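Asker:
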Amino acid sequence: MRIRSLAAAGLALLALAGCSTSPGPSSSPARLEGTATIAAAASLQNAFTEIGDRFEDEHPGVTLEFAFAGSSALVAQLQEGAPGDVFASADVANMDEAAELLASEPERFASNTLTIVTPPGNPAGIETFADLASARLVVCAEQVPCGAATASEATAAGVALSPASEEQSVTDVLGRVTSGEADAGLVYVTDAEAAGDAVERIDFDTTVVNEYPIAALTDSEVAAAFIAFVLGDEGRAVLASYGFGAP
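Those letters in the sequence shown? Residues -17 to -1, 1 to 230, per mature numbering (1 follows the signal peptide of the UniProt record, and there is no 0), in order.
The following block contains the structure:
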């Protein structure tokens, strides 16, 4: 399995196409073989990396290429012609934006909610969502799923946020907090859990649940099999182990 940008994946696929030859007769016609590019929301990186490893173990003839980024950035790249066989978004809105590119109906496979994270020791003394109004806060940009969720949470709480920085992915927000560049950040529960002792987590009464859909972008058999694996018992168990909820 490889993790790279969609642009880099495109160059690799062009190179493979240039040197490919017609396959000969196969003694195992049922064997799944080939390469698929999975464009997935940044918050899925840890879970999908493990799912990808398990999928490749089950199908030794398959290679998965992963491109992780903010969902809105992935949609823009795919619309501009970047290669992809599967798209997994952190919200329904960005999947809808990619509707004309889809080769299958989207299926929801996981959910996620926001939490507050601070540097270790919580130096700014953040205790509640309202405290974020006066904090040096980092959030996702509103066009990104975690940013849209942040805006909805702020509206529901009646809190006016004035972020010091708006990032293009939840992993960028987390990076700002762990580097000490912010008093606090709003990230997904799954990212806070993955960060471990690098952050302190402050939960609040959330009102927004992001649901994650997945769909094929091509009629690739590998793409269909990967989606089935994500939706199956083993895929769901891996997602749950990283803190994702059921859809």
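Glycine included, each C-beta is placed from N, C-alpha and C at the ideal position. Everything numeric in this text was worked out from a predicted model, so none of it was measured.
State the beta-bridge partners of LEU196 as determined by DSSP.
Answerer: Locating residue 196 in the sequence shown gives position 213, where the first residue counts as 1. Correcting the residue identity first, residue 196 is Pro in this sequence and not Leu. Note: PRO196 sits in a beta bridge opposite ARG91.
Asker: Suppose the cutoff is 6 Å on Cβ atoms and the five residues either side in sequence are ignored; what does the same chain contact list for ASP166 look like?
Answerer: If you number the sequence shown from 1, residue 166 lands on position 183. Cβ neighbours of ASP166 beyond the five flanking positions: ALA107, ALA118 and ARG119.
Asker: Give me the residue from PHE49, SER203, GLU204 and ALA229 with the minimum Cα distance to ASN193.
Answerer: Position 210 of the sequence shown, counted from the start, is the residue given in the question as residue 193. Nearest option by C-alpha distance: ALA229.
Asker: Tell me the DSSP bridge mates of LEU47?
Answerer: Taking the sequence shown and counting its residues from 1, one reaches residue 47 at position 64. Looking at the DSSP assignment, LEU47 forms a beta bridge with ALA19.
Asker: Between GLU125 and ALA131, is the Cβ-Cβ spacing less than 7 Å?
Answerer: Locating residue 125 in the sequence shown gives position 142, counting from the first residue. Locating residue 131 in the sequence shown gives position 148, counting from the first residue. In contact: GLU125 and ALA131 (Cβ atoms closer than 7 Å).
Asker: Tell me whether VAL122 sits in a helix, a strand or coil according to DSSP, three-state version.
Answerer: Along the sequence shown, read from residue 1 onward, the residue named residue 122 stands at position 139. Correct three-state label for VAL122: strand.
Asker: Mind checking SER162: buried by the 16 CB within 10 Å criterion, or exposed?
Answerer: Locating residue 162 in the sequence shown gives position 179, where the first residue counts as 1. By the neighbour-count rule (16 or more Cβ atoms within 10 Å), SER162 is not buried but exposed.
Asker: Rounded to whole angstroms, what's the CA-CA distance from THR98 to ILE185? Just pull it up for me.
Answerer: For this step, residue 98 is matched to residue 115 along the sequence shown. For this step, residue 185 is matched to residue 202 along the sequence shown. In a straight line, the C-alpha of THR98 is about 6 Å away from that of ILE185.
Asker: By the DSSP assignment, the beta strand (DSSP E) with ALA71 in it spans what residues?
Answerer: Along the sequence shown, read from residue 1 onward, the residue named residue 71 stands at position 88. Per DSSP, ALA71 belongs to the beta strand (DSSP E) from 69 to 71.
Asker: Let me know if GLY53 comes out buried or exposed under the rule of 16 or more other beta-carbons within 10 Å of its beta-carbon.
Answerer: For the purposes of this step, residue 53 is taken as the residue at position 70 of the sequence shown. So GLY53 counts as buried.
Asker: Starting from VAL100, follow the beta strand (DSSP E) in both directions and report where the run begins and ends.
Answerer: The residue you call residue 100 lines up with position 117 of the sequence shown. Per DSSP, VAL100 belongs to the beta strand (DSSP E) from 97 to 101.
Asker: Mind checking SER10: buried by the 16 CB within 10 Å criterion, or exposed?
Answerer: As a first step, residue 10 is located in the sequence shown; it is residue number 27 there, counting from the start. Its pLDDT being 44, under 50, SER10 is placed unreliably by the model, and the measurement read from it follows with that caveat. With fewer than 16 other Cβ atoms within 10 Å, it is exposed.
Asker: Could you compute how far the alpha carbon of GLU204 sits from the alpha carbon of ASP114?
Answerer: Counting from 1 along the sequence shown, the entry for residue 204 is found at position 221. Counting from 1 along the sequence shown, the entry for residue 114 is found at position 131. Those two C-alpha atoms are separated by around 50 Å.
Asker: Per DSSP, what kind of secondary structure is SER148 in: helix, strand or coil?
Answerer: Position 165 of the sequence shown, counting from 1, holds the residue named residue 148. Strand.
Asker: Using a Cβ-Cβ cut-off of 7 Å (strictly less than) and excluding sequence neighbours within five positions of SER94, which residues of its own chain qualify?
Answerer: One-based indexing of the sequence shown puts residue 94 at position 111. Correct list, in chain order: VAL192, ASN193, GLU194, TYR195, PHE227, GLY228, ALA229 and PRO230.
Asker: Helix, strand or coil for VAL170? Go by DSSP, reduced to three states.
Answerer: In the sequence shown, counting from the first residue as 1, residue 170 sits at position 187. DSSP places VAL170 in strand when its eight states are reduced to three.
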